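So the structure is just underneath, and the comments pick up after that.
In my numbering, the protein residues as written are 5 to 119.
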């Protein structure tokens, strides 16, 4: 059972929903690598509207652009583990934004695995 409490670092990776890594969604690759790296957790959130460096607004209101909505991948763990994971994000994210925030974990308890 993984437990994390106290000071931590949150990495939020903003990419497009249609961004790919070797023919699979980029966000799926980031989550998979975070799991392989033994990080405490990762979640993917689909945005309903946003824009990035191109200033082109992507929104689910416009049918023509609804296929590339913004996606945020949030990964939380100790600062040491998140910083060790950054080179993988550098490899994966060609276009996007990676933000680091200090945070405090007040409760993180994994599910018990069956015996």
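Glycine included, every Cβ here is placed at the ideal spot set by N, Cα and C.
Keep in mind that this is a model prediction, so the values were computed, not measured.
Is residue 88 helix, strand or coil when you go by DSSP? Sequence index remark: in the chain shown, residue 88 carries index 84 (1-based). Residue state, collapsed to three classes: helix.
The beta strand (DSSP E) spanning residue 16 covers which residue range? Locating residue 16 in the chain shown gives position 12, counting from the first residue. 10-20 is the span of the beta strand (DSSP E), which, as asked, contains residue 16.
Below 7 Å CB to CB, which residues in the same chain sit around residue 50 once its five sequence neighbours on both sides are set aside? What you label residue 50 is simply residue 46 of the chain shown in a count that begins at 1. Counting only residues of its own chain and dropping the five nearest sequence neighbours on each side, residue 50 has a CB closer than 7 Å to the CB of 21, 73 and 75.
Could you pull the start and end residues of the alpha helix (DSSP H) that residue 50 belongs to? For this step, residue 50 is matched to residue 46 along the chain shown. Counted as a single uninterrupted DSSP element, the stretch harbouring residue 50 is not any alpha helix (DSSP H) but the beta strand (DSSP E) occupying residues 45-50.
By the 10 Å Cβ neighbour count, where 16 or more other Cβ atoms means buried, how is residue 57 classified, buried or exposed? For the purposes of this step, residue 57 is taken as residue 53 along the chain shown, with counting starting at 1. Around the beta carbon of residue 57, fewer than 16 other beta carbons sit within 10 angstroms, so the residue counts as exposed.
Which residue's Cα is closest to the Cα of residue 31: 108, 110 and 101? Indexing the chain shown from 1 puts residue 31 at position 27. Looking at 108, 110 and 101, the one whose alpha-carbon comes closest to that of residue 31 is 101.
Check whether the Cβ atoms of residue 104 and residue 8 lie closer than 8 Å to each other. To locate residue 104, count along the chain shown from 1; it is residue 100. To locate residue 8, count along the chain shown from 1; it is residue 4. The criterion of a C-beta distance shorter than 8 Å is not satisfied by residue 104 and residue 8.
For residue 80, the residue or residues it bridges with in DSSP: The residue given as residue 80 occupies position 76 in the chain shown. DSSP lists 14 and 45 as partners of residue 80.
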